[in-house]
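Per our numbering, the sequence shown starts with residue 2, numbered consecutively.
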Amino acid sequence: MKNITTLAVRHGGPVVTAVVFAVLSILPVAWSLQSGPADSQASLADWSPPGWPGALLLATCASLVAAVAGGYVGGRVRVPQPVAGALMALVMAWPIGITVLPLAAATFGVHLRTGIWCIDGCQVSLSDAAPWSGPGAYAQSFTGLVLVVPEVVAVVFLFLARLALRRARVILGIAFVVAAYGALHMSSVLGGGATAFACLGVGVVAWSAWLQARDRLRARADGTGRGPDGALDPVGPVDPA
């Protein structure tokens with residue numbers, strides 16, 4: 002058990018940890034791609050299941066690329082500011098995952114129709130026929146802001162985050178910040194991305210909790226040096242990834 006803990010403390014840095022949680026999210030994200038929208042929406046949007054091999058391939062590509070980018074950027078920010086680090090990981094991962102999905106589908110020839118909206122007809126935001134539809138789909142996620150409801154919900158969550166942080170509940174504060182981000186992107190979350198965002202949100206909170214615990218383990222133990230964040234390193238050189 003001690004050897005496992007030592008290995009995790011030494012190598013479980015921001016990027017590696019993000020990739021681990023991304024791997025755990027592949028199956029539920031693939032399931033969401035495979036299950037698709039309601040039957041009425043599916044018929045109007047030319048939706049058909051990509052098949053489990055294709056769904057797993059797309060989920061793997063999107064999850065891992067987003068994890069590496071989010072883990073790297075968030076990890077660089079989180080040492081002085083853990084909440085800002087978690088937010089940066091989220092800000093990087095969500096749009097990158099959306100962008101990678103249609104690119105991967107077009108590259109590997111996987112049928113993709115997701116991000117379906119039906120108002121007087123149905124339209125698809127992400128499609129293998131439009132490899133660069135990701136940035137536009139992400140931009141469309143802000144259209145829900147005209148309803149005012151997302152902003153109100155986000156403000157409530159940010160207020161709760163502030164209360165949690167004032168009581169030194171950092172991880173709880175991060176969870177509320179993640180919820181606020183999701184509220185501001187309500188259109189993309191509800192437009193077929195609910196499962197993916199739930200996996201990402203839980204992953205960011207767990208990522209932050211593990212890295213906080215890792216820092217404490219390194220600081221409490223008798224060390225032979227110091228890590229890149231100034232905390233005591235109990236196990237020798239630490240992989241910053």
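Think of the CB as a built atom: it goes at the ideal place given N, C-alpha and C, for glycine as much as any other residue.
Please list the terminal residues of the continuous alpha helix (DSSP H) segment that includes residue i.
{"i": "residue 54", "result": "53 to 79"}
{"i": "residue 163", "result": "150 to 167"}
{"i": "residue 170", "result": "Premise fails: residue 170 is in no alpha helix (DSSP H) and is neither H nor E."}
{"i": "residue 111", "result": "Unbroken run through residue 111: none, as it is neither H nor E."}
{"i": "residue 142", "result": "Run containing residue 142: none; DSSP gives neither H nor E here."}
{"i": "residue 1", "result": "Since the first residue shown for the chain is 2 and the last is 242, residue 1 is missing from the structure and cannot be characterised."}
Can you give the beta carbon distance from residue i to residue j, rounded, assuming they're within the 8 angstroms contact cut?
{"i": "residue 200", "j": "residue 30", "result": "6 angstroms"}
{"i": "residue 66", "j": "residue 101", "result": "5 angstroms"}
{"i": "residue 158", "j": "residue 180", "result": "4 angstroms"}
{"i": "residue 176", "j": "residue 153", "result": "That pair is no contact at about 19 angstroms."}
{"i": "residue 106", "j": "residue 59", "result": "6 angstroms"}
{"i": "residue 192", "j": "residue 126", "result": "7 angstroms"}
{"i": "residue 22", "j": "residue 194", "result": "Contact doesn't hold; Cβ gap of about 17 angstroms is too wide."}
{"i": "residue 87", "j": "residue 24", "result": "That pair is no contact at about 19 angstroms."}
{"i": "residue 139", "j": "residue 96", "result": "5 angstroms"}
In its own chain, which residues sit with a C-beta less than 7 angstroms from the C-beta of residue i, not counting the 5 before and 5 after it?
{"i": "residue 89", "result": "74, 75, 78"}
{"i": "residue 16", "result": "69, 72, 73, 76, 242"}
{"i": "residue 174", "result": "84, 162, 165, 166"}
{"i": "residue 129", "result": "103, 106, 107, 111, 112, 113"}
{"i": "residue 61", "result": "27"}
{"i": "residue 94", "result": "67, 68, 70, 71, 201"}
{"i": "residue 136", "result": "100"}
{"i": "residue 131", "result": "103"}
{"i": "residue 151", "result": "145, 184, 185, 187"}
{"i": "residue 33", "result": "196, 197"}
According to DSSP, is residue i part of a helix, a strand, or is it coil?
{"i": "residue 125", "result": "strand"}
{"i": "residue 220", "result": "helix"}
{"i": "residue 28", "result": "helix"}
{"i": "residue 133", "result": "coil"}
{"i": "residue 236", "result": "Legend: pLDDT at residue 236 = 38, less than 50; position of this residue unreliable, value from coordinates given subsequently. Of the three classes helix, strand and coil, the one that applies to residue 236 here is coil, per DSSP."}
{"i": "residue 116", "result": "strand"}
{"i": "residue 209", "result": "helix"}
{"i": "residue 96", "result": "helix"}
{"i": "residue 82", "result": "coil"}
{"i": "residue 33", "result": "helix"}
{"i": "residue 194", "result": "coil"}
{"i": "residue 50", "result": "coil"}
{"i": "residue 14", "result": "coil"}
Please list, in chain order, all residues of the same chain as residue i whose beta carbon is under 8 angstroms from its beta carbon, the five residues on each side excluded.
{"i": "residue 183", "result": "190, 198, 202"}
{"i": "residue 20", "result": "65, 68, 69, 72"}
{"i": "residue 35", "result": "50, 51, 52, 53, 56"}
Please work out which residues of its chain come closer than 6 angstroms, Cβ to Cβ, to residue i, disregarding the five sequence neighbours upstream and downstream, and give them in chain order.
{"i": "residue 18", "result": "208, 211"}
{"i": "residue 98", "result": "63, 67"}
{"i": "residue 171", "result": "83"}
{"i": "residue 186", "result": "142"}
{"i": "residue 155", "result": "181, 184, 185"}
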